[in-house]
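Structure first, then comments.
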Amino acid sequence: MNYRFKLMLVLFLLLPACKQKTLDVHPGLAIANVGTKQAFFTHNLKPILSFGAMPDIIFHVADDAFDYKKWVDWHVANGMNHVRAYLPLSWKAIEYHTFEHGGSLDNVIFPFVETEPGSRTFDVTKYNDVFWIRFRQQCEYMQSRGIIIHLVMWDASQLEAPVTRSRYREMHDIYWDGHFFNPRNNVNRFTNHLGQRLRYRFSIYHSVAEQRRPLVKATKYWFLKIIDMTADMDNICYDLVGNLSDNQGDWDKTQLWIDEMAMASRLRYKKLQPLKTMVLGFDAGGLDMGDWHKNSTLPGVGSQVDWLFSRPYFDVIICSNANTVQQAHAWQEHYRKPYVGAVLQVDAKPGAAQSFANERQIVRQHLWQFFMAKCQQVDLYFPSMDHVQTSTPDSLAQYDLFRSDAQVMWDVWAKLSDYPNLCNNGVSIDSPTENNYILSSAKEALIYCTDTNFDLENTHAPQLLTIDSLATNNGNYVAYCVSPADSILYSEPVEIRSGNVTLTVPQFQHDIAFLIQKK
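Residue numbers (our numbering): -9 to 509.
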């Protein structure tokens, strides 16, 4: 069958499910208002907020090196309910992370069957049940504790080699050298061409275009195996590929591979769970955005990133190295898909929030800014969690400070009554801070004001704050004054007329918020 005809046929079969706009059909994690500027995540038919910072190697590490239940429990106790995690594609990466976390290499588990125990030679057409049963148990435990899993199905960084330029330099001698599809590590003849030169490893992504069907089948079944193990769960947002960046060699050929892997995943999910909706994305971080810096907040038309975001089989926007509130607003409106905040990075200080113990305010600002951008999933990367050499979070007591900040956000989230209709509108006048974010609907409004530099201990004196052009109906309301670092402080009656309201701002440091609702 002609490939393009096959593509159109599959899309025809998938699109009816993707275009569903009601809230009363799909349980589990889903997207409501699909194909509109107001598309948003739901969980069991209600809007959901998720953020968190567990180690992303949870599925790599041997049990003696990583007490995943203790990590999950700690995560929940500190007000978090989200993890971004990668499945392993390199046996050396599994051993590396296990050793770094104090585990024994005798206890490592691999996703593929070794031809002989300890040989580190695999058959990539045969799956190790022990690994996948544990993977399932881990996902089930996180589901039982209410954690949303941003599951990176294929980690492209694990094709990196000594010739690769990237931030993963310490892994260059580990990733491709131990990759299961590296012909040095398997008995499958269809991988032989991948190891002739280092650059040929990218041919994994060219296999569809080059009609290497056994390799296509083997890589496709990796995705299908993941779907088979998780499709009935209600807490997973699938990320087809993470960290592709320049690890693909030929974009025209890679596009065909992406098409086939994405459509195969969706079709398998639909077959297994016809009454549920698969939520699937692709992390475009590091790929070409065209001329977006010069002319627009949007990726350039026809760029690699634009191509990915425009695919009808990808439901969400993920771009881990370009993550600002302005882009979240613009990209959601243009592509009409929810936005996932994939890296802890704030507008005021890009890339700075890498030490939570010293930058608590930056982390809080990041969460609130993306909350105000209608971003419902946020990944927090705390390096101590990724690199600390311990199997449990006992040494991370300083992160308990985050609990109070998270609780305030949950308190505000619980009070919201019209989240699906909140829009980015309203203009602040005489605001005490430089960064101001306003969401409003006909029923309620939410305002967040924050300093751009948390290195300064700025104290803002009591004053009045006027908001103009809200979408909120005329009438009498209650305004809740919120200290994002402490609590909902107090409430006061206010009146909205023609979209205007005046609020009483107390003395505060760093940031302040207001929730306006009917009495």
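Note that the Cβ used here is the ideal one computed from N, Cα and C, for glycine as well.
{"Query": "In the DSSP output, which residue or residues are listed as bridge partners for T244?", "Result": "Answer by DSSP bridge pairing: none, since T244 is not bridged."}
{"Query": "According to DSSP, simplified to helix, strand and coil, what is Q263?", "Result": "coil"}
{"Query": "Can you find the residues in the same chain that come closer than 7 angstroms, C-beta to C-beta, to N466, ignoring five residues on each side of it along the sequence?", "Result": "P483, E485 and K509"}
{"Query": "So what does DSSP say about Q201, is it helix, strand or coil?", "Result": "coil"}
{"Query": "Does the separation of the CB atoms of C439 and N426 fall below 7 angstroms?", "Result": "yes"}
{"Query": "Please name the residue, chosen from R191, T26 and P204, that lies closest to N178 on a Cα-to-Cα basis.", "Result": "P204"}
{"Query": "Mind checking if V315 is an interface residue toward chain D, Cβ cutoff 7 angstroms exclusive?", "Result": "Absence of chain D from the displayed structure is noted, only one protein chain being present."}
{"Query": "Based on the DSSP secondary-structure assignment, which residues constitute the bridge partners of H140?", "Result": "R74 and C227"}
{"Query": "Just the Cα atoms here: how many angstroms apart are T26 and E323?", "Result": "8 angstroms"}
{"Query": "Based on Cα-Cα distance, which residue from W321, N237, N463 and F299 lies nearest to F272?", "Result": "F299"}
{"Query": "DSSP on E130, reduced to helix/strand/coil?", "Result": "helix"}
{"Query": "For the candidate residues F304, H72 and S94, whose alpha-carbon lies nearest to that of H33?", "Result": "H72"}
{"Query": "Please specify which runs of the alpha helix (DSSP H), each continuous and at least 4 residues long, are wholly inside the region 382 to 459, giving them in chain order.", "Result": "392 to 405"}
{"Query": "Using the rule of at least 16 other Cβ atoms within 10 Å of the residue's Cβ for burial, across every protein chain shown, is L288 buried or exposed?", "Result": "buried"}
{"Query": "F299 lies in the beta strand (DSSP E); which residues open and close that run?", "Result": "Element bounds for F299: not the beta strand (DSSP E) but the alpha helix (DSSP H), Q294 to S300."}
{"Query": "Which residues in the same chain as C365 place their Cβ atom closer than 6 angstroms to its Cβ, once the five residues preceding and following it in sequence are excluded?", "Result": "A318, Y329 and G331"}
{"Query": "Within this structure, are the beta carbons of I226 and L141 separated by less than 7 angstroms?", "Result": "yes"}
{"Query": "Quick check on K116: does DSSP put it in helix, strand or coil?", "Result": "strand"}
{"Query": "Is the separation between the beta-carbon of H576 and that of I84 shorter than 7 angstroms?", "Result": "The structure shown has nothing for residue 576, since the chain only spans -9 to 509."}
{"Query": "Would you call the region 493 to 506 in contact with the region 466 to 477, where contact means no fewer than 3 C-beta pairs closer than 8 angstroms?", "Result": "yes"}
{"Query": "Could you tell me which residues DSSP pairs with E104 in its beta bridges?", "Result": "F112"}
{"Query": "Buried or exposed for H377, going by 16 or more other Cβ atoms inside 10 Å?", "Result": "Caution applies to H377, whose pLDDT of 46 falls short of 50 and renders its modelled position unreliable; the model cannot decide the point."}
{"Query": "Could you spell out the range, first to last residue, of the beta strand (DSSP E) harbouring Q507?", "Result": "D501 to K508"}
{"Query": "Are Q148 and L79 touching if we call contact CB-CB under 7 angstroms?", "Result": "yes"}
{"Query": "Across the region 129 to 145 and the region 215 to 230, are there enough close Cβ pairs to call them in contact, namely three or more that are closer than 8 angstroms?", "Result": "yes"}
{"Query": "Would the beta-carbon of P173 fall within 7 angstroms of that of L184?", "Result": "yes"}
{"Query": "Do D278 and Q294 have their CB atoms nearer than 7 angstroms?", "Result": "yes"}
{"Query": "I need the DSSP call for H65, collapsed to helix, strand or coil.", "Result": "helix"}
{"Query": "Note down the Cα distance separating T456 from N448, rounded to an integer number of angstroms.", "Result": "21 angstroms"}
{"Query": "Return helix, strand or coil for S488, following the three-state DSSP convention.", "Result": "coil"}
{"Query": "At a cut of 8 angstroms, does the region 186 to 201 reach the region 105 to 112 through at least three beta carbon pairs?", "Result": "no"}
{"Query": "Give me the residue from P410, A451, N490 and H450 with the minimum Cα distance to L35.", "Result": "P410"}
{"Query": "Please return the same chain residues whose Cβ sits closer than 6 angstroms to the Cβ of A396, not counting the five positions on each side in sequence.", "Result": "G69"}
{"Query": "Would you kindly work out how many angstroms separate the C-alpha atoms of N490 and D458, rounded to a whole number?", "Result": "5 angstroms"}
{"Query": "According to DSSP, what are the bridge partners of D369?", "Result": "G42"}
{"Query": "Out of curiosity, what's the CA-to-CA distance linking V198 and K207?", "Result": "10 angstroms"}
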